[in-house]
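When we follow the working numbering, the leftmost residue of the sequence shown carries the number 522, and every step to the right adds one.
Reviewing the structure listed below.
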Amino acid sequence: MKKCLVLSDSFKGSLTSAQIGAIVQEEWLRQFPSSSVRAIPVADGGEGTAECFEEALGAKRVWLTVSGPFGEPVSTFYVRHQDTAIIEMAKAAGLPLAEGRLNPGTATTFGVGELMRHAVLHGAKQLVLGLGGSATNDAGCGMAAALGVEFLDEKGQAFVPSGNTLCQIQSVEVSQAVDLLKECTVTAMCDIDHPLYGPQGAAFVFAPQKGASDDQVKLLDEGLRHFDEVICRCLGKSVVDLPGAGAAGGMGGGIAALLGGSLKPGIETVLDLISFETLASDADLIITGEGRLDAQSLGGKVVIGVARRAKKLGVPVVALVGDFEGSLDAVYQEGVTAVFGINQPMITLEEAKHRAPEMLRQTCRNLFLYTRGLEEV
């Protein structure tokens with residue numbers, strides 16, 4: 522073995538992507554000391570996305586103070602690599618910032634737009650947004666307002682809509698934002714396919730986790746429905762059938778409708794930005810992983826996203842996972858060579874989380890010892 526590439530998602534609640542990479546690297550070099558191994562932390566748009574790109578690309582933090590989910594000043598950052606800015610929306614409008622006062626009806630994404638505006642005014646040509654972990658349900662209207670989109674009520678007065686006031690929008694004007702973003706592309710990392718509204722939409726599925734009551738969920742859903750009607754009338758477009766429009770409280774739909782942005786699976790965005798094909802072209806083995814491998818993984822999460830690309834290059838892929846569910850036949854068809862679960866039977870979930878580093882290390886040791894043995898035969 523001459524070269525190994527490690528790209529694993531975190532095992533939520535037990536191991537970060539960087540910790541997994543470090544353990545795999547150590548155990549790999551223990552068995553193949555003269556080989557090359559590189560671990561690149563990856564995230565799908567949720568918590569830790571900015572930090573992963575910071576390490577993977579050598580991106581630099583850009584600090585500034587923006588509006589938090591309820592308008593309070595928040596000191597936060599995005600990361601910049603060449604002409605690309607990676608912005609984690611949760612750093613300005615996420616659940617941790619709203620802890621103890623959850624209210625998706627009044628929470629705003631305005632601070633996310635301030636981060637984006639700063640990046641553009643300082644030369645960014647590509648904006649990449651991670652949409653995980655939002656505290657909001659404003660369809661990204663706060664974000665859009667910070668970028669120059671105007672929302673007018675029945676009196677023709679401009680205002681910044683929140684989840685509770687989406688139904689007050691009577692018209693929308695996007696020309697200022699279009700001009701600001703004319704030399705930029707906007708890509709949202711989105712790994713869910715929920716629609717903007719309806720039983721499987723942003724409000725009904727996610728708003729209860731953000732503190733919404735049953736009655737408020739209905740109000741928020743009506744607001745998202747009204748938002749789509751307004752953009753259809755004013756902009757000639759609808760996002761009702763756009764998979765992922767419901768991400769981050771409808772921000773996925775807002776990015777597409779108001780900014781002309783695109784929604785893309787998180788792992789595909791990561792692999793493009795790190796130039797995966799170049800990195801992996803001469804690899805002998807790729808090691809990937811995620812906390813749980815199941816039917817949802819086939820939608821394009823980290824393991825499957827890596828495997829699909831590696832399959833085209835003819836590079837074998839081993840997945841190290843906390844657990845897996847169901848038949849693995851479809852996983853193997855996507856390009857995964859082998860799957861190894863690190864959890865030991867007969868232990869509780871809490872114990873498994875506590876012992877995750879030890880169990881991952883032992884799994885790697887066994888796997889690499891076996892791999893070395895095959896080489897020596």
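Using N, Cα and C, we set each Cβ at its ideal position, and we do this for glycine too.
Distances from the CA of L841 to each of V860, L834 and G654 were compared; the closest alpha carbon is that of V860.
Around the CB of H875, fewer than 16 other CB atoms lie within 10 Å, so the residue is classed as exposed. With a cutoff of 9 Å on beta-carbon distance, C662 and S683 are scored as near each other.
Residue environment analysis places S848 among the exposed positions, since fewer than 16 neighbouring C-beta atoms fall within 10 angstroms of its C-beta. Taking Q865 as reference, the option from T884, D850 and V857 with the minimal CA-CA separation is T884. Assigned with DSSP and collapsed to three states, T708 falls in strand.
Sorting G835, L701 and E635 by C-alpha distance to the C-alpha of S596 places E635 at the top. The DSSP-derived three-state label of L550 is helix. Taking all protein chains in view, the Cβ of L702 is crowded by 16 or more other Cβ atoms within 10 Å, so the residue is classified as buried.
Every alpha helix (DSSP H) of 4 residues or more that sits fully in the segment 797-848 is shown, in chain order, as 797-801 and 823-834. Across the structure, R638 and T629 are spaced so that their CA atoms are roughly 16 Å apart.
For C662, no beta strand (DSSP E) segment is defined; the enclosing uninterrupted segment is the alpha helix (DSSP H) at C662 to A667. Its Cα nearest to that of V649, the residue Q603 stands out among F532, Q603, A828 and F680.
For the set Q817, P837, E855 and I808, the Cα lying nearest the Cα of W549 is the one of I808.
Going by C-alpha positions, L780 is about 7 Å away from V699. The distance from the Cβ of F727 to that of G770 is about 7 Å, consistent with a contact at the 8 Å cut-off.
For C753, the enclosing alpha helix (DSSP H) begins and ends at D735 to L756. Of the residues T869, K739, P786 and T708, the one whose Cα lies closest to the Cα of V563 is P786.
Residues of the same chain with a CB within less than 7 Å of the CB of K524, apart from the 5 flanking positions on each side, are S556, S557, D803, A804 and D805 in chain order. Q691 carries a coil assignment under DSSP once its states are collapsed to helix, strand and coil. The alpha-carbon separation between D735 and S655 amounts to approximately 19 Å. Secondary structure at I607: strand, using DSSP grouped into helix, strand and coil. In terms of Cβ geometry, T706 and K758 do not form a close pair [threshold 9 Å]. Between R559 and L814, the C-beta gap is not smaller than 9 Å, which leaves the two residues out of contact. Bounds of the beta strand (DSSP E) holding K524 are K524 to S529. With 16 or more neighbouring CB atoms inside 10 Å of its own CB, E568 falls in the buried class.
By the criterion of a C-beta distance shorter than 6 Å, V633 is surrounded in its chain by M610, A613, A614 and M664, once the five residues flanking it on both sides are discounted. Taking C-beta atoms as the reference points, I544 and R893 fail to come closer than 9 Å. When DSSP reads this structure, H643 sits in no beta bridge, so it has no partner.
When DSSP states are grouped into helix, strand and coil, L784 belongs to the strand group. Following the DSSP letters along the chain, one finds G862 inside the beta strand (DSSP E) bounded by residues A859 to G862.
Spatial neighbours of S588 in its own chain (CB-CB distance under 6 Å, excluding positions within 5 residues in sequence) are listed in chain order as F631 and G632. The beta carbon of A723 is closer than 7 Å to those of N658, H715, L717, L745, G767, G770 and G771 in its chain, skipping five residues each way along the sequence. Note that the C-beta distance between A828 and E855 is below 9 Å. Under the DSSP definition of a beta bridge, A560 partners with V527. The beta-carbon separation of D712 and G534, rounded to 18 Å, does not stay under the 8 Å limit for a contact.
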